[in-house]
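Numbering (my numbering), first residue to last: 1 to 202.
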Amino acid sequence: MKAIGSKLVIATHNAGKLKEIQELLAPHGIECVGAAELGLPEPDEIGNTFIDNAELKAREAADLSGLPALADDSGLSVDALHGLPGIFSARWAEDDEGNRDFNRAMERVWREVEAAGDEAGHDAHFVCALAVAWPDNGQAESFEGRVYGTLAWPPRGNKGFGYDPMFVPVGQERTFGEYDPEEKHAVSHRAEAFKRLVAALG
Numbered sequence: 001m002k003a004i005g006s007k008l009v010i011a012t013h014n015a016g017k018l019k020e021i022q023e024l025l026a027p028h029g030i031e032c033v034g035a036a037e038l039g040l041p042e043p044d045e046i047g048n049t050f051i052d053n054a055e056l057k058a059r060e061a062a063d064l065s066g067l068p069a070l071a072d073d074s075g076l077s078v079d080a081l082h083g084l085p086g087i088f089s090a091r092w093a094e095d096d097e098g099n100r101d102f103n104r105a106m107e108r109v110w111r112e113v114e115a116a117g118d119e120a121g122h123d124a125h126f127v128c129a130l131a132v133a134w135p136d137n138g139q140a141e142s143f144e145g146r147v148y149g150t151l152a153w154p155p156r157g158n159k160g161f162g163y164d165p166m167f168v169p170v171g172q173e174r175t176f177g178e179y180d181p182e183e184k185h186a187v188s189h190r191a192e193a194f195k196r197l198v199a200a201l202g
């Protein structure tokens, strides 16, 4: 994989996601700057997959900033909802003004799972697609990670973000919302994608 260099734009306006990515990259000596700090816009996520959207965001951030950029597209896929909210995970949290409230999104997920009936079950998985893009030629490389588990209700914990408080990884009893950051970094979908990214860095 082409060298990233010492400074990387993180193409997200999500403070929780930015913090998690900064912590995962800190051991590799890479300085991270968020898209919001640079005044970069949030592009419309018009891709059909997590990787499509991650590459779209990374390429736009690299082009506008003149620096290599890392974008993450991630979400919750629920078996009973045929993979939804999936790539629409953030949009399920938005109101008519574009403000995000993940408590409302979690309530919607649970309401629709309950409507699907007991036989549909509560299985779900998180997906994270990471894409790195360079400003000179539009080149991008992508890496995907997943973590499987079940949904819990009511939500528990305030240490994570997004749908973390309603997701229990396989074999565990706590939700991601109850995990300390360093615990989550070791087992999350984002951590899995980062392992693949770091391996490509050599």
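Glycine included, C-beta positions come from ideal geometry on N, C-alpha and C.
For the region 27-114, list the alpha helix (DSSP H) runs that are entirely contained and at least 4 residues long, ordered along the chain. Counting whole runs of 4 or more residues, the region 27-114 contains the alpha helix (DSSP H) stretches 50-65.
Which ranges would you report for the alpha helix (DSSP H) in the region 139-189 if only whole runs of at least 4 residues count?
Listed in chain order, they are 181-187.
Between Leu-225 and Ile-46, what straight-line distance do the alpha-carbon atoms span, to the nearest angstrom? Residue 225 is absent from the model: the chain starts at 1 and stops at 202.
Counting beta carbon pairs with one atom in the region 80-96 and one in the region 143-150, are three or more of them shorter than 8 Å? The region 143-150 makes no contact with the region 80-96; the number of CB pairs closer than 8 Å stays below 3.
- prompt: Tell me the DSSP bridge mates of Ala-15?
  reply: Within the sequence shown, residue 15 is the residue found at index 15, counting from 1. Its beta-bridge partners do not exist; DSSP assigns none.
**Asked** Are there 16 or more other CB atoms within 10 angstroms of the CB of Arg-111, so buried, or fewer, so exposed?
**Response** Along the sequence shown, read from residue 1 onward, the residue named residue 111 stands at position 111. Exposed is the call here.
(message) Could you give the first and the last residue of the continuous beta strand (DSSP E) run that contains Ala-133?
(response) Residue 133 sits at position 133 when you count from the first residue of the sequence shown. Counting along the chain, the beta strand (DSSP E) containing Ala-133 begins and ends at 123-133.
* Have a look at Phe-102 and Trp-134 and give me their C-alpha separation to the nearest angstrom. => Reading the sequence shown from its first residue, position 102 is the one you call residue 102. Reading the sequence shown from its first residue, position 134 is the one you call residue 134. If you draw a straight line from the Cα of Phe-102 to the Cα of Trp-134, it comes to about 32 Å.
* To do: State the beta-bridge partners of Leu-8 as determined by DSSP.
  => Taking the first residue of the sequence shown as 1, we reach residue 8 at position 8. Looking at the DSSP output, Leu-8 sits in a beta bridge with Cys-32.
Self-check item: Cβ pair Ala-120, Val-113 closer than 8 Å
Solution: Residue 120 sits at position 120 when you count from the first residue of the sequence shown. Residue 113 sits at position 113 when you count from the first residue of the sequence shown. Less than 8 Å separates the beta-carbon of Ala-120 from that of Val-113.
| said: Could you compute how far the alpha carbon of Glu-31 sits from the alpha carbon of Asn-99? | reply: Here residue 31 is taken as the residue at index 31 of the sequence shown, counted from 1. Here residue 99 is taken as the residue at index 99 of the sequence shown, counted from 1. Glu-31 and Asn-99 have their C-alpha atoms roughly 29 Å apart.
Sequence-distant residues of the same chain with beta carbon closer than 7 Å to Ala-36, five excluded per side: Here residue 36 refers to the residue found at position 36 of the sequence shown. Counting only Cβ-Cβ distances below 7 Å, and skipping sequence neighbours, we find His-13.
In this structure, how does DSSP classify Leu-136 when only helix, strand and coil are distinguished?
Taking the first residue of the sequence shown as position 1, residue 136 is located at position 136. One point to set straight first is that residue 136 is Asp, not Leu, in the sequence displayed. In this structure, Asp-136 counts as coil in the three-state DSSP scheme.
message = Report the CB separation of Phe-167 from Ala-116 in whole angstroms; it is logged as a contact under 8 Å.
response = Indexing the sequence shown from 1 puts residue 167 at position 167. Indexing the sequence shown from 1 puts residue 116 at position 116. Not confirmed; about 17 Å, so no contact.
Alpha carbon to alpha carbon, what distance is there between Ala-62 and Leu-197?
By one-based count along the sequence shown, residue 197 stands at place 197. By one-based count along the sequence shown, residue 62 stands at place 62. For the pair Leu-197 and Ala-62, the Cα-to-Cα distance works out to about 17 Å.
Q) Mind checking Arg-59: buried by the 16 CB within 10 Å criterion, or exposed? A) The count along the sequence shown starts at 1 and reaches residue 59 at position 59. Per the 10 Å Cβ criterion, buried.
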